[in-house]
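The sequence shown begins at 17 in the numbering used here and counts up by one.
Below: one structure, written as structure tokens.
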Amino acid sequence: EARLADSYDWRRQWYPVAWERDLPAGVPVKVTLFDEDFVVVRGRERDAKKTYSDGVHLFDEPIALVDKCPHRLAALSEGRAVFTPESP
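Below you can see the structure in the form of structure tokens.
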């Protein structure tokens, strides 16, 4: 009989990695979880003021991605966040 801990998928869960107040607006921040690197970025302050027609704020919350460019395999945390008017 398999134990619950053996079948539990730890990577398919949500984990806090930083306080939002500790994430500088528009600056990629590298975090490591389970020996995997991620980049967390929060939109610029002025972007947080924009809203969709349904009232959802743009870039109001941080986003996290695997810290690897899919094209060049470079660390995204070493780059910069560029926000354009077309950014969703």
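Built from N, CA and C at the ideal position, the CB exists for glycine as well.
Asked, Found
"Exposure label - residue 72; buried when at least 16 CB within 10 Å", "Residue confidence is low: residue 72 scores 49 on pLDDT, short of 50, so the model does not pin down where it sits. Its coordinate-derived value is still stated next. Looking at its Cβ environment, which holds fewer than 16 other Cβ atoms inside 10 Å, residue 72 is exposed."
"For residue 52 and residue 90, the rounded distance between their alpha carbons", "14 Å"
"Residue range of the unbroken beta strand (DSSP E) whose run includes residue 49", "45-49"
"With 16 other Cβ atoms within 10 Å as the buried cut-off, status of residue 22", "exposed"
"Contact the region 32-43 vs the region 82-89: 3+ CB pairs below 8 Å", "no"
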